[in-house]
Amino acid sequence: MPTDTDIFESLRQELRRGTLILAVLAQLREERYGYSLRQALSSVGVEIDEGALYPMLRRLEAQGLLASEWREEDKRKKRFYQLSEEGRAVLARLADEWRAINAALEPLL
Amino acid sequence: MSDLVDRYLGAVAALLPKAQRQDIVAELRDLILNRVEDAEAQRGRPLDKREMEDLLREIGHPIAVAGRYGSARALVGAEIYPFWLFGVKVLLAIAALAAAIPTGVALLTAHGDARLVVRTIQDFIPTALSLIGAATLVAAAIERGWIKTEGFRRWKVSELPRASDSREWFVKSRFDGLFELVVMLLFIGWWTGVVASPADNVIKTRGGEAFLQVSSVFQTLYWPILTLAVVQVVSSLLLVVKPGWTVARNLLEIVGAVGGVALVWVLWSAQPLVTVLAPAASEAGLENLQRTLDLSLEITLWVVAAISLTKVAVHGWRLLRGR
Chain A
905 MPTDTDIFES LRQELRRGTL ILAVLAQLRE ERYGYSLRQA LSSVGVEIDE
955 GALYPMLRRL EAQGLLASEW REEDKRKKRF YQLSEEGRAV LARLADEWRA
1005 INAALEPLL
Chain B
517 MSDLVDRYLG AVAALLPKAQ RQDIVAELRD LILNRVEDAE AQRGRPLDKR
567 EMEDLLREIG HPIAVAGRYG SARALVGAEI YPFWLFGVKV LLAIAALAAA
617 IPTGVALLTA HGDARLVVRT IQDFIPTALS LIGAATLVAA AIERGWIKTE
667 GFRRWKVSEL PRASDSREWF VKSRFDGLFE LVVMLLFIGW WTGVVASPAD
717 NVIKTRGGEA FLQVSSVFQT LYWPILTLAV VQVVSSLLLV VKPGWTVARN
767 LLEIVGAVGG VALVWVLWSA QPLVTVLAPA ASEAGLENLQ RTLDLSLEIT
817 LWVVAAISLT KVAVHGWRLL RGR
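So the protein sequences, as listed, match chains A and B. Residue numbering for the first sequence follows this note's numbering, beginning at 905 and increasing consecutively. Residue numbering for the second sequence follows this note's numbering, beginning at 517 and increasing consecutively.
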């Protein structure tokens, strides 16, 4: 029998799943590599597990929303990600959607 | 320390697709080294072996990490799952009935005992697991688009079963149809000799063994009986698969019932249908047994005729009412 905490945690994860993609896309308006992206998200209060972040970056790249390139920084090769043109357009639409959902839900909450 | 990182990355790499392996491992290595640098900066010293183990464990088990880079699709997704579950229930119900009916017949005719029940259960378990496996493979193939299911998306509300009305008589549920289907398939299997009979034609009596000799009329009626059974199978199948096709089903039921009446008529005039042969029994005893058997079969024929005529009336009325 799931406890109230289990139910809350499962619903919270479900609620966060879509918003994390929005946060990642928004942070990649400027070029970042995986670790610096995670730190940037963490600094604004969005915690994301690396195990979920790195595969997500690859999926978004495979969908054409991100572009990436390997470059050397601090004497180490790193993979830098940035929004593609298509990614910018999708982010703009998703942001509108987010604002609309937020505006509709806020009076209800 | 780098030995632990290499070992960890080696374990992840072994589970990744070849084409992406190098790329993903290089990125993971960078992530790990960044984490190590941060942890060392916090402590002001290099990490020891235990701390390194903890850090890698935090990143995740190699199977979990590599798995996240694979296809995110579940074996059977949320959309297909209810259909999978329904299919599994139907398959298990068919398998259970197919296993239970012959066993039940064998037990009722005193040709089986508790060992038969145990054997039936033992045989059912691997069959059930195989059916669940087969259903899962089909569902996984549908999930991945290897099996096209466009026809399913064009389903019609009018083809769904009618809402049940408890005041209406002789209304069969889908489960009734399924039960009927299994029974008729077993009957066809027995009639055609594909399935062995759970009972033989020997009766053990106090006076020794008695043999049942079946009338040759059944050989003459081999094809008509088989045809009627097939008609019933198609009707039951329609009830299970296309419950909304009421016109076709009513027609089949009427054809089957009219055939049933005709069959009763032919069998009635061909009596005795079964003759008892008991070399060791007394003449009076044998006559008594034969009379009891004849009476039982006459009652059976009356019942079959009554059911068939009722079916003609009920399904004819439904056909006229478009129900």
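Glycine included, C-beta positions come from ideal geometry on N, C-alpha and C.
Asked	Found
Within chain A, partners of B:L543 - CB distance below 7 Å	Residue identity differs from the one stated: residue 543 of chain B is Glu in this sequence, not Leu. Chain A residues near B:E543: G938, Y958, R983.
Separation of B:I704 from B:W739, as counted between CA atoms	11 Å
Cβ pair count under 8 Å reaching 3, the segment 565-577 of chain B against the segment 548-557 of chain B	yes
A:K982 in three-state terms, based on DSSP	strand
Boundaries (first-last residue) of the beta strand (DSSP E) holding A:A971	970-977
CA-to-CA distance, B:L613 to B:V750, given in whole angstroms	18 Å
DSSP bridge partner residues for A:E1001 (one or two, in chain order)	Its beta-bridge partners do not exist; DSSP assigns none.
Proximity to B:A778 [Cα-Cα], best of B:L549, B:W818, B:T762, B:L767	B:W818
Option in B:I579, B:E659, B:V633, B:E543 with minimal Cα separation from B:L591	B:E659
Boundaries of the alpha helix (DSSP H) in which B:V789 is found, first to last residue	It should be pointed out that residue 789 of chain B corresponds to Leu in this sequence rather than to Val. No alpha helix (DSSP H) contains B:L789, which DSSP labels as neither H nor E.
Any C-beta of chain A under 9 Å from that of B:L525	no
Residues, ordered as in the chain, of the segment 561-592 of chain B that lie near chain A by beta-carbon distance below 8 Å	I575, G576, A580, V581, R584, Y585, A588
Proximal residues, the segment 920-936 of chain A versus chain B, C-beta separation under 8 Å	none
Of the listed residues B:V763, B:L793, B:V747, B:V757, nearest to B:V771 (C-alpha basis)	B:V747
Residues that B:L549 contacts on chain A, provided the C-beta gap is smaller than 8 Å	R980
Start-to-end residues for the alpha helix (DSSP H) that takes in A:S914	908-931
9 Å Cβ cutoff, A:G968 in contact with chain B	no
B:Y585 (DSSP reduced to helix, strand or coil)	coil
Contacts that A:E1010 makes with chain B (C-beta to C-beta distance below 7 Å)	Correct list: empty, because the minimum Cβ distance to chain B is about 29 Å.
Contacting residues, own chain, Cβ-Cβ under 7 Å from B:A644 (five flanking each side not counted)	L608, A611
Spatial distance of B:P578 from B:K534 (CA atoms)	16 Å
Cβ of B:Q536 within 9 Å of any chain A Cβ	yes
Whether A:Q986 touches A:R936 by CB criterion (9 Å)	yes
Alpha helix (DSSP H) segments (min. 4 residues) lying fully within the segment 629-708 of chain B	630-659, 666-669, 690-707
Short CB-CB distance (under 9 Å) between A:R1003 and chain B	no
C-beta neighbour in chain A for B:D539, strict 9 Å	yes
Residue range of the unbroken alpha helix (DSSP H) whose run includes B:K534	534-559
Spatially closest choice to A:A927 from A:L1009, A:L998, A:L1013, by CA coordinates	A:L998
Per-residue burial, B:S732 [other beta carbons within 10 Å of its own, 16 or more giving buried]	exposed
Contact check, A:Y958 vs B:E574, beta carbons under 9 Å	no
Counterpart residues of B:R573 in DSSP-defined beta bridges	Answer by DSSP bridge pairing: none, since B:R573 is not bridged.
Proximal residues, the segment 940-956 of chain A versus chain B, C-beta separation under 8 Å	E954, G955, A956
Beta carbon of A:K982 nearer than 9 Å to that of A:G955	no
CB contact check: A:R962 to chain B, cutoff 9 Å	yes
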